[in-house]
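Chemist:
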Amino acid sequence: MTDGFVLGVDLGTSHTVAMLRRPDGRTRPLLFDGRPLLPSAVFLDPTGRLHVGADALRLGQADPGRLEPHPKRHVDEESVMLGDGATVPVADLLAALLDAVAREAVATAGFLPPAVVTYPASWGARRRAVLTRALSQAGWPSDTLGQPAETTLVTEPVAAARYFADVLRRPLPEKSSLAVFDFGGGTLDVAVVRRDGGSYAATASGGASYSVTASGGADDLGGLDIDAALVDHLGKSLSGAEPAAWQALTEPVTLAQWRARRQFWEDVRGAKEMLSRSSFAPVPVPGVEEAVHLTRDELEAAADPLIRRGVSEAAAVIAAAGLSPIELAGLFLVGGSSRVPLVARLLHSELGIAPTVLEQPELAAAEGATLAAALRYAAGVSTAATPTPTPTTAPDFPPPITDTQAASTPVDPISPAAGPPAATASAGPPNAAASAGLPDVASRSAGPAASPATGPPTSPAARPFNPDSDPPYSTDKTDERESIEAVDPWATAEAAAIAAGHVTPTSATPSSAAPWQPPAPPPTYSPEAPPAAKSAKRRTWIIAGAATLAVVLAAGTALAWTLWPRYPALDYHPLADLQHLPAAVPIGSSWSDAAVIGDRVYFASTDYDTGDLGVVAFDDGAKSAAWSQKQTGIAKRWRQMVALPSGVALFSDTDLDKDTREVVVLDAGKGAKRWQRTVGRDDLVYFAGDHAIVADRAGRRLVGLKLEDGSEDWTRPDPGDSTSATAVHVVTTPGDLDGPAGLTGRPFDADLGDDPRLVQITPDREARLIDAGTGKVIASRQSVAGPDDEVVAHNGRLFVREDEDADRIVTYQLDKLGEPDVTYTAGSATARLTGLIPCGDDRVCAIEGTGYGDDNATVVALDAAEGGKVWERKVAKAETLVPVGEAVLARSTAPETTLIDATGKQIWTGKSDAVRLDAANILEFSKPLVGYVDDPAVAGRHLGDDPVQLGPLQGVRTSSCAWNTTLLACVADKDFVVTSFAG
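To convert, note that position 862 of the sequence shown is 862 in UniProt numbering; the numbers rise steadily by one, no gaps.
(1) Run through DSSP, which three-state label would residue 116 get?
(2) Since residue 861 and residue 567 are thought to touch, with beta carbons under 8 Å apart, how far apart are those beta carbons, to the nearest angstrom?
(3) Tell me whether the beta-carbon of residue 814 lies closer than 8 Å to the beta-carbon of residue 785.
(4) Helix, strand or coil, according to DSSP, for residue 591 in the structure here?
(5) Given residue 350, which residues of its chain have a CB within under 6 Å of its CB, disregarding the five upstream and five downstream residues?
(6) Check whether the region 177-187 touches the region 216-223, taking contact to mean three or more Cβ pairs, one atom from each stretch, closer than 8 Å.
(7) Which two residues bound the contiguous beta strand (DSSP E) that contains residue 918?
(8) Is residue 303 a contact residue of the ligand NAP, with contact defined as CB to any heavy atom under 7 Å?
(9) Which residues does DSSP list as the beta-bridge partners of residue 820?
(10) Starting from residue 294, follow the alpha helix (DSSP H) in both directions and report where the run begins and ends.
(11) Do you know offhand how far residue 322's Cα is from residue 193's?
(12) Where are the alpha helix (DSSP H) runs, 4 residues long or more, that stay fully inside the region 121-172, in chain order?
(13) Would you tell me roughly how many angstroms separate the C-alpha atoms of residue 619 and residue 611, rounded to the nearest one?
(14) I'd like the ranges of any beta strand (DSSP E) spanning at least 3 consecutive residues and lying wholly in the region 750-810.
(15) Following the continuous beta strand (DSSP E) through residue 873, name the residue where it begins and the one where it ends.
(16) So, using beta-carbon positions, are residue 328 and residue 347 closer together than 8 Å?
(17) Looking at the secondary structure, which residues open and close the alpha helix (DSSP H) in which residue 1015 lies?
(18) Is residue 966 helix, strand or coil by DSSP?
(19) Check each candidate in 795, 746 and 708 and name the one with the smallest Cα separation from residue 754.
(20) Please look up how many angstroms separate the CB atoms of residue 245 and residue 212, rounded, as I've assumed it's under 8 Å.
(21) Please list, in chain order, all residues of the same chain as residue 233 whose beta carbon is under 7 Å from its beta carbon, the five residues on each side excluded.
(22) Exposed or buried, residue 927, counting other C-beta atoms within 10 Å across all chains shown (16 or more means buried)?
(23) Let me confirm a value: residue 324 is counted as buried when at least 16 other C-beta atoms fall within 10 Å, else exposed. Which label applies?
(24) On the DSSP bridge list, what partners appear for residue 957?
(25) Starting from the Cα of residue 138, find the closest Cα among 719, 112 and 209 and give me that residue.
(26) Who are the near neighbours of residue 106 in its chain, counting only those whose CB is closer than 6 Å to its CB and skipping five residues on each side?
(27) Quick one: measure Cβ to Cβ for residue 1028 and residue 591, integer angstroms, because I've assumed they're closer than 8 Å.
(28) Leaving out five residues on either side along the sequence, give the residues of the same chain with a beta carbon under 6 Å from the beta carbon of residue 951.
(29) Alpha carbon to alpha carbon, how far is residue 338 from residue 99? Give it in angstroms, no decimals.
(30) Measuring CB to CB, does residue 615 end up less than 8 Å from residue 671?
(31) Would you identify the three-state DSSP class for residue 78, choosing helix, strand or coil?
(32) Quick test of your reading: residue 156 and residue 120, contact by CB under 8 Å. State the CB separation rounded to the nearest angstrom.
(33) With DSSP as the reference, please indicate the residues paired to residue 19 in a beta bridge.
(34) Sort 659, 742 and 765 by Cα distance to residue 683 and report the nearest one.
(35) In whole angstroms, what is the alpha-carbon distance linking residue 236 and residue 827?
(36) Do residue 933 and residue 915 have their beta-carbon atoms positioned less than 8 Å apart in this structure?
Written out as structure tokens, the structure is:
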């Protein structure tokens, strides 16, 4: 009994994705340790057991020779050698991954639903037979005589074409063709898919059929190759400046050096992904004190020849189909590496057709496969076969960068997985737990380790299997799920620990991602704003695209807590929907969001086809919307919304044709458009007092705009002759630490007029205090800090991290910028002070440790008034800090969250994340905040008390949610929802 569920699986080179379509047509990804991407890595332990995903990557750090990070690349080989002479058939490696998917599907649906598994269009019968054998070994249903198979195979481009037509609702008329450019971590696959006929709807009587008319690509071209090009680029400077450190990275000998090398490659990959949103990105280098910086220009220079090769492959495949690019119905970009902006730009300029690009391109093939499955099993899923484009059946973010040409698409029939009907247990049953977005960390081939300087980290001992001489990797064929399930790491936190490593995000941007403030990556709306290398951890109140964070409830016990009288426990009660509000523009696959300031709620949604932006305002306690505006602005894609005391500001994404963005400000009263301004792609926007301040990068100036009408009130040229960008920090006050804030700590309800001043840090290390209302320089001083240094401007002081001899924090009085006081010096010459944030009227907090993942890291609170350390608390692997009044939430890479009170006492620690409601109350979610409709449990906690369970937050796109101390505002499937939880 399938109960109408169908499963789509995209077994990728770097990651595996599985999408579950429910009987009501909703589609959601299976989550592996809270994330939708399962790393396609397999590790063979000394007992002969296979571990997969994040577990495999973690275990591989200790013994790289037992790790195979990309089993799919070895599909043409019989087996791969792992460890000390053990050989593993490639089918067993793939079966281990499929077993993990099956386990998660059973855990979610209660059984293994009928499934469609994708494979590259270039795969012939022999390669498909390996996949079929893997499915059989993993226990998946396959053909039996006289019965249809419940597991079938479909080509990846066909699945992508179904997503393009049925989810994105892009026009694909009969007999028209779609080009699919699948740029993944390890390979590039290009195919032309033709829609041969039939209706779009997948029903019991039939549906659209598709065929692949041409295919090609490159097995040696993918995101890993761009990573390698970036490593080579960095090596040109590091090999001369830091020869010892570079040699350890390129010629690792010890396990510690191998682990450092893998971490370096992960950091390079993370920087590459960050550069798809920002202009600058830091790359920590093991053995080197300071991070090096990569710019988007450097990325594009390194990647240009590789991507141009991919464009040439696409042109050749289109020509092989007998078509010219302009005859295509569209060009669809899928695969994680298609996020690199240069990919879409070069395809557009060279082929003359605007590509469709998703914010989460890894999910498209798997979701398209569910549509193929819905077609095959349509008798039980009539609604699933004709999905309505909603946040659950659409990309998590605004899909295409620009519209595609009208036309249509095609695809070939689903081919059943031919294989023996009996399902046999994998000799090394895999575990599930895996994390999304973990960087590729090992070999591109089964041979000996390639030159580390030119290829990704490899598993030193991995080599092809010789069936005549190599022994089998395990002689015990017992299903270990029955014998050692109790110690299976998939049921432990082992995978979660790896998943916490830096991941990009690819996932949804939390609604807390909005502009202004100092501590945060990009300072404003601009997801491509240059984040300072070390200030990326502190400038958390400015953002433009924050990575999705997993938030899991943690059980705790009641502990003593000295409470401030003005912040008692909130009057929590079970979640209750207050209002469902219709959207001004229908909610679909494009961007939508919510923002809260005081008792005012704003909702936004956009129309993908027209670029229209609609905004709805609601006041807490009202019976209907305060106003609804449908045509507030037009752009190819919209990206972010920021609530202001006098209205709401909205920001578009970059128009790649013009390299510009749009800023629109609406009045709070009736939603009338106050003003609109075009800014450069790298320009940053800050809010202070009654002004919006634009950091005009091309004009090398600061511009003060009146919030009232957007007119230029003042300009301030950047000092000096340097073409490098300056850094701007808005001065914060203690009140900014006491109100509702997003996951990153960015306040939702900051008082812009409390201290309307800015601090500008220039490339020649000058600090200038500027009045945001007039542009006047109030004070300045030379030799203070550089644009990439950690700086906090808070409550009349400027805190700067210096690192010349030993890391230390120095403090300047803002009004004068006179001689600094040394507030604190790190306890050792090797200790670094990072993650600097304000954490009280006269305090700043920082992480003191040797670097990323330090088991002995401590959180320190420093008193600027008296000088010195107030308290310290060990928090292993601490990575980021968020203030909760004078308390601190410390998040580690474990992943764990530790709450430390104003005296340094550890209140609780758990595998959870939390958001601030006020200086003594936080809100917790049981699941990551994601860009599709989900139903996490929510709890409220008064600091030091047990959490109060509030119930599930049902049917909302959780990454869109915003909050105050009484309500949650979220985007739902078809409308906007305001939910009460306190008061």
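Positions of the beta carbon are idealized from the N, C-alpha and C atoms, including for glycine.
Modeler: In this structure, then:
(1) strand
(2) At roughly 19 Å, the Cβ-Cβ gap does not stay under 8 Å, so residue 861 and residue 567 are not in contact.
(3) no
(4) coil
(5) 311
(6) yes
(7) 914-918
(8) Because no ligand of any kind appears in the structure shown, any question about the ligand NAP cannot be addressed here.
(9) Answer is none; residue 820 lacks a bridge partner.
(10) Per DSSP, residue 294 belongs to no alpha helix (DSSP H); it is in the beta strand (DSSP E), 292-295.
(11) 12 Å
(12) 125-137 and 156-162
(13) 27 Å
(14) 757-761, 767-771, 777-781, 791-794 and 797-802
(15) 869-874
(16) no
(17) Since the first residue of the chain shown is 1 and the last is 983, residue 1015 is not available in this structure.
(18) coil
(19) 795
(20) So it is not a contact: roughly 48 Å between Cβ atoms.
(21) 298 and 302
(22) buried
(23) exposed
(24) 933 and 971
(25) 112
(26) 112
(27) Here the chain comprises residues numbered 1 to 983, so residue 1028 is not present and cannot be evaluated.
(28) 574 and 575
(29) 28 Å
(30) yes
(31) coil
(32) 6 Å
(33) 8 and 29
(34) 659
(35) 34 Å
(36) no
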